[in-house]
Each structure stands twice: as structure tokens, then as C-alpha cells.
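Just add 47 to wherever you are in the sequence shown, counting from 1, and you've got the numbering used here.
Working notes, beginning with the structure itself.
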Amino acid sequence: MKKQFLAAALAACLLLAGTGAAAADDTPAHPFTDVPADAWYAGTVEAAYRDGLMKGDSATSFRPEGTVTVAEAWMITARLHSLSHGGDGNIPAGKAWYTGAQEYLRQQGILDKALQTLREAQGYIDSYRPDPDKAASRLYLADLLSQALPPEQLPAINHVTAIPDLPAAASAEGAARLLTLYNAGVLTGKDEWGTLGVADADNVTRAETAAMAVRLAEPAQRKAFTVREMPFTVTRIDNAAPGLDITMFLLEVQEGLIQCGRTTPDSNWRYGYINTEGKPVIPLEYDWVS
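What follows is the structure, encoded as C-alpha cells:
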């Protein structure tokens, strides 16, 4: 693990030089041939690699557009937590390369909290456990990262009061952790409304993850922004039909239409669209806009 990080500096100021700067001879400080110098993520991938937060998919590949796995999310979060709490970021391996990070986060109580948010917001049964080899959802990754730094190292630079696609079933504690990342400028949302992408089960890229990790580690890279206020609310509907408990939430904006969805206890999805005035265009089976 590289030791550019010092916990005291992490809390106070920029740890390293700006992420967009290359070496003096313009040679990138990484070995990855699949990270173009003009890509939006080139600077943050370089910083994440240099800072020891992320490694390549191979000796010469970063796979920036590939999805980040649950195991990778554990390791990145564990490294950030260690560095921001006075450690050196070195997480010993266990039986598998990621089990040391998994155990580290379990001891810190981070895994249980992130799993609880996932169950509450997406309706997973109590026995559900994320598969370390599968893709990490945006919600799970964000909640893990929200616990990586002490609160005092995440001062607010934005004023975001709600995440439009976070279901009401999510606990106030989980929602507050996620809002901390928005207000600290680590998360900016997928669109002008500030949606997180709760329904995105498998499309958090390694490039996006590098950007979030670097914003956590280097305060100067955090983003100030303003979200547009929703002209309507998407609400939770309980017992819309006998024995049926439906959670409704906004998914994403698509060319003037806003896609909304619902999940049922058996995790089945139903989708519909409304326009930006909140009027149903392709309605769901039940009324869901208020």
C-alpha cells in the first residue's frame, strides 16, 4: 500500500496534487493501456491507483467501464477507513483476497449497516447476503463508502435534503449517511434531480467508483452542485391490493420522461413513465403519484 495518505491531512486538506495532473513528462502514473489520457476518468483512475485505493484488473488493464464487484467495494471501503482512522491502508488477505477486508468491515459494523439499508430499500429477505463476486449495486456501494470516513472529514458544501429515488422504507439513519455523501460533494447523482440509481443493480463502473473514492480521499476533488426540486413526489403505497406491499420510487429521467418502478416482496419489477409535471404517460397498475 502506498503511503501518500496521512489521516490528519485527510481531515484537513488536499492530500496530494490535483488528480488531473500528469507526471512532468505527461506520462500517466499508471500502467493501464485501457485508460485514455483524454477520458473523463483518467485523472481519478490515476489518483486511485497512485493512492493505493484501487488496483488494475490485470497488470496493464483497469477495465474502467467494467462493473465494480461487492468484493472490490469492500476492499476500497476498508482501505479508505483504515487511512482515515490513522492506519496505513494495508488490509491483510484472508482465505480469499477480499476476506480480510470483509472481516475488517464487519468488525467496524459497516457491513451490517449497509446490508440493512439494502434490505430496507430494495425489499430483500433477511437471509440475503451480497455475493462478493457479483456486481455491487449503487445503493450498497454508496452506503459502504458513506461509512469510510469520520463525519468530521465530510463537511457539507452542498444543500441536498432528499434523494428522490430512495424508497421511504429506508431508515432515517441510512438516508442520512447517503445524504452526507451528497452534501460533502462525493456523490452528485445521476441527473439534475440528484437520483442515486437505487434500482441499478449492476452498472456501477470501476471508473465511477474511482471518482467517488478519490473525492473521499482528496477533499479538493469534491463537487459543489445544486439539484432541481421535484415538482411532485413518488410515494410508498402500502396494501394497494390485499396482501400486497408495494414500494414505488423514481428510477431515472429519460428525454423528458421520468421512469418509475415498483417492487413487490418477491422482488418482481413493474415500470411506468410520467412526464416532468408528474402526469402518468405509461401508468403502472396502481396509482402512485401524489
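Heads up, the beta-carbon is just placed ideally off N, CA and C, and yes, glycines get one too.
Distance between residue 225 and residue 205, taken at the CA atoms: about 13 Å. Contact annotation, residue 222 with residue 213: C-beta distance approximately 6 Å; criterion of less than 8 Å satisfied. The DSSP-derived three-state label of residue 217 is coil. By the neighbour-count criterion, in which a residue is buried when 16 or more other Cβ atoms sit within 10 angstroms of its Cβ, residue 85 is exposed. In this chain, the alpha helix (DSSP H) harbouring residue 190 covers 185 to 193.
Between the beta-carbon of residue 196 and that of residue 263 there is about 6 Å, and that keeps the pair under the 8 Å contact cut.
Unbroken alpha helix (DSSP H) runs of no fewer than 4 residues, entirely contained in the region 85 to 120, are found at 89 to 97, following chain order. Nearest C-alpha to residue 201 among 119, 113, 210 and 127: 127. In this structure, the straight-line span from the alpha carbon of residue 217 to that of residue 167 is close to 5 Å. Cβ neighbours of residue 145 within its own chain (closer than 7 Å, five residues either side excluded): 118, 121, 122 and 179. Shown here for residue 250: same chain residues with a beta carbon closer than 7 Å to its own, the five before and five after excluded, namely 114 in chain order. With three or more CB-CB distances shorter than 8 Å, the region 149 to 166 counts as touching the region 175 to 192. With a cutoff of 9 Å on beta-carbon distance, residue 100 and residue 209 are scored as not near each other.
Apart from the 5 residues on each side of it in sequence, residue 230 sits with its Cβ closer than 6 Å to the Cβ of 203, 205 and 207 in its chain, given in chain order. In the DSSP assignment, residue 182 forms a beta bridge with 116. Counting the other Cβ atoms within 10 Å of the Cβ of residue 269 gives 16 or more, which makes it buried.
Annotated three-state conformation of residue 252 is strand, per DSSP. CA-CA distance, residue 191 to residue 107, rounds to 28 Å.
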